[in-house]
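Numbering (my numbering), first residue to last: 26 to 220.
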């Protein structure tokens, strides 16, 4: 399988939404969020979702993601197979994420300059276990190095068994690309690769 990786741009927003609406959650994953919470503080989320009924949450999440893509707040990479988007990796300069996002993901300490943070993966169910996340992470590393970042960090959750919707990625994904454990908090592990 030939996997093509492209950075998310406003021009690729249609591919992004096509992926999230038609392939990302076909296994009934409970996380239909358009990957927008990581970029929001608790206060921003409260203001956006206050007084919204359950039926409207998806519509609001999409509108937030549309604005985040247009303004460059939501960044990352799309994976393609045969011209169709099949995977996503949310990554950005660590300093662009709130210290604690609205979904309680904590980035553990104020960000150093020039550290790339990888916070989420979503791979279409039929493409999981086929190297898509590895290819996405390798592209993050390559581009971060080319842009003079000093390190890339990921924040996987320590689990005793495989979890189908492991959005931060499994620890072994980071280990096989040379990341090492540098900290832990609750069930989160900070994995880091110096560049």
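Glycine residues also receive a C-beta, built at the ideal position from the N, C-alpha and C atoms.
According to the DSSP assignment, residue 103 belongs to the beta strand (DSSP E) that extends over 101-106. The Cβ atoms of residue 146 and residue 161 sit closer than 9 angstroms to each other. Counting C-beta pairs closer than 8 angstroms gives fewer than three between the segment 81-88 and the segment 98-117, which falls short of the contact rule.
Across the set 36, 176, 206 and 220, the C-alpha of 36 shows the shortest separation from the C-alpha of residue 91. Boundaries of the alpha helix (DSSP H) harbouring residue 68: 67-74, taken from the DSSP string. Around the C-beta of residue 192, 16 or more other C-beta atoms lie within 10 Å, and the residue is accordingly described as buried. Between the segment 68-76 and the segment 162-173 there are fewer than three C-beta pairs closer than 8 angstroms, too few to call the two in contact. In the structure shown, the three-state DSSP call for residue 83 is helix.
For residue 146, the enclosing beta strand (DSSP E) begins and ends at 140-148. For residue 197, the enclosing alpha helix (DSSP H) has its first and last residue at 196-201.
Linking residue 74 to residue 150 through their CA atoms gives a straight-line distance of about 29 angstroms. In the structure shown, residue 98 adopts coil according to DSSP, grouped into three states. Apart from the 5 residues on each side of it in sequence, residue 205 sits with its Cβ closer than 8 angstroms to the Cβ of 216, 217 and 218 in its chain, given in chain order. Between residue 104 and residue 148, the C-beta gap is smaller than 9 angstroms, which places the two residues in contact. When the Cα atoms are used, residue 29 and residue 158 turn out to be separated by approximately 12 angstroms.
A distance of 9 angstroms or more separates the beta carbons of residue 101 and residue 198.
Per DSSP, residue 46 is one residue of the alpha helix (DSSP H) stretching across 38-47. Counting of Cβ neighbours within 10 angstroms places residue 178 among the buried residues, the total reaching 16 or more.
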